[in-house]
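J.:
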Amino acid sequence: MNVIRAKTAGFCMGVSLALKKLDTALLEAAPRANRVCTLGPIIHNPQVLEEYEAKGVVCADDATQLLPGDHVLIRAHGLSSQEEDAVRAAAGNVVDATCPRVKKAQLAIGKATKDGAVLLLFGEANHPEVRGLVSYARGPAHVFGNLEEFERLRLTKDPVFVLASQTTQDRRHFMEIKKMLCKRFERLTVLSTICDATRHRQKEARDIASSVDVMVIVGGRQSGNTRRLADIAALSGIEIFHVETPDELDPKRFTEKTRAGLTAGASTPKRLIDATELWLSTL
Ligand code: SF4
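For the sequence shown, the working numbering assigns the number 293 to the last residue and increments by one with no breaks.
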């Protein structure tokens, strides 16, 4: 099998930074035998999380599970401002591992809505990053995942609006939404909060998908950016497989294929992408 591997596949800057901070926290906490904790998973990749769990990292569900001596890392996709306050009150040693681009989006939303503007956020309502972004809004906030959901929102008449996006959303969809809302609302501020790493990764996935007859996307099933890569690749009409590890692939599904594309989400470790490339290339 001829394999075309995306250059952008694997850890983004935000994930690499967060894991580096987690490694440092493990080293610093070891002499005093303090716990190292995260509130919710630090990134959305189960294989990486298992590795850190084996090293002793505790994934707490909420701040009530934290102890004063804990070293706590704020995850890459951020916390809500209320959760962050609760973490800082509960634990003595807090390291902010929020990706700088997510932090920038949080602060931009806070600033743009400071006079009570209504936030319109394009994203997955249940995604932790989205809950974090919404918490920075100083006025009312609405989350929508597509135009149909937007049309169902109950918006008050004539307010000032701020449009922003989850950092890993599909840029093309966001541009369509922006165009539509700019025509509809006179007083609309648009924030560019989709990160460049996501944009490049999505573009490369689209390009590769148009030149292969099957595509494999490696990454956590809970990872929103990985799921969107799979959606984007599927638009080209080829067969796609979203897997967490190459063991999930079935060689029988590749018998008629000669050229496979390979990409991965922002939280997928290189070793899993390498293993998948090897699996495909030995077919
Ligand atoms: S995808 Fe972008 S915003 Fe999200 S963690 Fe990575 S660099 Fe940060």
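A virtual CB, placed ideally from N, CA and C, is assigned to each residue, including glycine.
Nothing here was measured: the structure is a model prediction, and the numbers come from that model.
In chain order, what residues have a CB nearer than 6 Å to some heavy atom of the ligand SF4?
T.: C22, M23, G24, V25, A86, C109, R111, V112, T177, T178, C205, A207, T208, N235, A276
J.: Can you look up M185 in the DSSP assignment and give me helix, strand or coil?
T.: helix
J.: From A274, G275, T268, pick the residue whose C-alpha is nearest to that of N299; which is it?
T.: The chain is shown only over 11 to 293; residue 299 falls outside these bounds and no answer can be derived.
J.: Taking just the CA atoms, how far does V82 sit from E38?
T.: 12 Å
J.: What residue does the alpha helix (DSSP H) around M23 start on, and which one ends it?
T.: 23-39
J.: From what residue to what residue does the alpha helix (DSSP H) around E249 run?
T.: Unbroken run through E249 is the beta strand (DSSP E), 249-253; no alpha helix (DSSP H).
J.: Out of curiosity, what's the CA-to-CA distance linking D106 and L293?
T.: 44 Å
J.: On the three-state DSSP scale, how would you describe T1?
T.: Past the boundaries of the shown model lies residue 1; the chain is included only from 11 to 293, so the question cannot be answered.
J.: Along the alpha helix (DSSP H) that carries S91, what are the first and last residues, could you check?
T.: Start and end: 91-100.
J.: Ignore the nearest five residues each way along the sequence and tell me which others in I250's own chain have a CB closer than 6 Å to its CB.
T.: Within the same chain, M225, A240, A243, A244 come within 6 Å of I250 by CB-CB distance, once the 5 residues on both sides are set aside.
J.: Decide if L117 is buried, meaning its Cβ has at least 16 other Cβ atoms within 10 Å, or exposed.
T.: exposed
J.: So D106 is in the beta strand (DSSP E); what residue range does that whole segment cover?
T.: 103-106
J.: Go through its chain and collect everything with a Cβ distance to S5's Cβ below 6 Å, but skip five positions before and after it.
T.: Limits of the chain in this structure are 11 at one end and 293 at the other, which puts residue 5 out of reach.
J.: Measure the C-alpha to C-alpha separation of L27 and I84 and round it to an integer number of angstroms.
T.: 12 Å
J.: Strictly by DSSP, which residues pair up with N12?
T.: In the DSSP secondary-structure assignment, N12 is bridged to R269.
J.: Among L36, L163, H210, which residue has its Cα nearest to the Cα of D180?
T.: Taking only the C-alpha atoms, the option nearest D180 is H210.
J.: Hey, A127 and P169: beta-carbon distance below 8 Å or not?
T.: yes
J.: Would you say Q92 and H137 are within 8 Å of each other, going by their C-beta atoms?
T.: It is not a contact, given that the beta carbons lie outside the stated cut-off.
J.: Assign E139 to buried or exposed, taking buried as 16 or more other Cβ atoms, counted over all protein chains shown, within 10 Å of its Cβ.
T.: buried
J.: Per DSSP, A70 is paired with what?
T.: L49
J.: Looking at the secondary structure, which residues open and close the beta strand (DSSP E) in which L129 lies?
T.: 128-132
J.: What residue ranges within the segment 152-223 form continuous alpha helix (DSSP H) runs of no fewer than 4 residues, ordered along the chain?
T.: 157-161, 181-194, 206-219
J.: Measuring CA to CA, which of G229, R231, F195, N235 is closest to K213?
T.: N235
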